[in-house]
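Here is the structure we will look at, set down as structure tokens.
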Amino acid sequence: MTIKITGTGSTLPEKKVTNFDLQELVETSDEWIRERTGIAERRISTGDTVATLSAKACSKALEMAGKTAEEVDLILVATCSPEMLLPCCACQVQDIIGASNAAAFDLNAACSGFLFALNTAYVYMQAGIYKNALVIGSEVLSKLVDWSDRGTCVLFGDGAGAAFVEASAEDIFRDNGRKVGMECMVQGSDGTKGMVLSCAERSVDNAFIAEKQTISPYIQMNGQEVYKFATRQVPACIHEALDKAGITVEDVDMFVLHQANVRIIESVAKRLKADISKFPMNLDKIGNMSSATIPVLLDELNRGGRIQGGDRIVMSGFGAGLTYGATVIVW
Ligand code: UT7
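Residue numbering for the sequence shown is 819 to 1149, as defined by the numbering used here.
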């Protein structure tokens, strides 16, 4: 059996917000943001929702795969910023695109969400439960950001990416002898570090509470702790995934990492002793879009012709939870 990505799609809100725009809001500078993060600008929604962004990305992925919405078996939306608790975003997407035959649900593993969703779709297909899935990473983080907190507001952006994943009964091999599809996945979580990067939803407010709690609805982050976690955990889980697949860093053509900070990506490359040219980046233009970063970058690379059949790609991310994961696929 081969389970492969046959379509990708992505979409970004039109509104660009540069570092210079942020200088007007908080005490920061273009120089500080570029040096510490590598980010120059990000896209911010002025009306798009997680569901509408998801639907646009899905339509592009379906078009590339040559499939109709009615043919979709499963819709998985990875998001930590849905507009609605009920119905879930995946059901809203189902409604917008008209995927009337799909089962749909959301999954929240923050910035690792797309990989966790891809892995979930994969095991459903491997078990023979579904033949295909739309896997989406979509965020409107701008509504979770405290725009007076310079420690976080400079980092995040909005957008969505999708992948259409299909199973076929026979094994498919590329000219270089590699078998197409997912080779290996590793995913993990460390809930003991959960409050290092958090965002509360709402407090309990009912007739039986004497004193109402007030909570901040915005992202709270200890940046240095997240940084340390990422630079240690990402290379470790990539090594674990490569070991499981029985391959080495040299056997990998491209590392598609969560786009949080250029320094984190450079540090991961250094720890893996891999050439930085194998680590494509787009965070300068769009910042950190949590679960959307990996599928948006994957779509850019795919549409730009930078991924060839037979390429081995490692996707890896980390984020709130704290969560982390690595997935090895042959395109
Ligand atoms: O998807 C996961 C999401 N989270 C992450 O990826 C976060 C990972 N962490 C990071 O990327 C980095 O830790 C940050 C970019 C968030 C911060 O960079 P840093 O090099 O760790 O800076 P810092 O927190 O040590 O702060 C250094 C200084 C501080 O001032 P003092 O105490 O030295 O006077 C901060 O108050 O920079 C100050 N600072 C800023 N200055 C200008 C913090 N944010 C800003 C800002 N502009 N936006």
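Glycine included, every Cβ here is placed at the ideal spot set by N, Cα and C.
Secondary-structure assignment with DSSP links K822 through a beta bridge to E984.
Residue range 968-971 is occupied by the alpha helix (DSSP H) that includes T970.
Between I1131 and L1090, the CB-CB gap reaches or exceeds 9 Å. Of the candidates A917, M943, I954, N950, I954 places its Cα closest to the Cα of A935. Just measuring C-alpha positions, the residue of M1003, S828, A858, I821 sitting nearest E957 is S828. Distance from D976 to I1037 at the Cβ level is roughly 13 Å; contact not present, criterion being Cβ atoms closer than 8 Å. The distance from the Cβ of G865 to that of R992 is about 42 Å, inconsistent with a contact at the 8 Å cut-off. Here DSSP, grouped into helix, strand and coil, assigns Y1036 to coil. Nearest neighbour of S877 by Cα position, chosen from A951, A1028, I1065, turns out to be A951. Taking 8 Å as the upper bound for CB-CB distance, I1082 and V972 are not in contact here, some 15 Å apart.
With respect to the C-alpha of E881, the residue from G825, M1013, G1123 having the closest C-alpha is G825. Here A1063 has E1001, C1002, V1146 as same chain residues with Cβ atoms under 8 Å from its own Cβ, once five neighbours each way along the sequence are excluded. The region 898-936 contains, as complete alpha helix (DSSP H) runs of 4+ residues, the segments 907-915 (chain order). A heavy atom of ligand 1 is found nearer than 8 Å to the CB of L973.
Two segments are said to touch when three or more pairs of C-beta atoms, one from each, lie closer than 8 Å; by this definition the region 1109-1116 does not touch the region 887-894. Annotation: S1016 to G995 spans about 44 Å, alpha carbon to alpha carbon. DSSP places L1075 inside the beta strand (DSSP E), whose first and last residues are 1072-1075.
In the structure shown, Q1005 adopts extended strand secondary structure according to DSSP, grouped into three states. Taking one beta carbon from each stretch, the region 891-905 and the region 923-937 have 3 or more pairs nearer than 8 Å; the two touch. The closest heavy atom of ligand 1 lies 8 Å or more from the beta carbon of M1013.
One thing to note: S1007 has its Cβ no nearer than 9 Å to the Cβ of G1135.
Excluding the 5 residues flanking it on each side, R861 has same chain C-beta neighbours closer than 7 Å at L830, P831, K833, K834, G975, D976, G977, I1104, in chain order. When C-alpha distances from A921 are compared across S930, Y948, V1052, the shortest belongs to Y948. The Cβ-Cβ distance between I893 and A883 does not fall below 9 Å. Sequence-distant Cβ neighbours of T870 in its own chain, meaning closer than 8 Å and more than five residues away, are I914.
The beta-bridge partner set that DSSP reports for Y1142 consists of G1006, F1136. DSSP lists G977 as the beta-bridge partner residues of E957.
Comparing alpha carbon positions, the residue from M943, G1041, P1098 closest to G1122 is P1098.
For T1141, the closest alpha carbon among the candidates I1094, Q1051, G1041 is that of Q1051.
In this structure, ligand 1 has a non-hydrogen atom nearer than 8 Å to the beta-carbon of S847. V1148 and K997 have their C-alpha atoms spaced approximately 7 Å apart. When only Cα atoms are considered, L1119 and M1072 end up about 10 Å apart.
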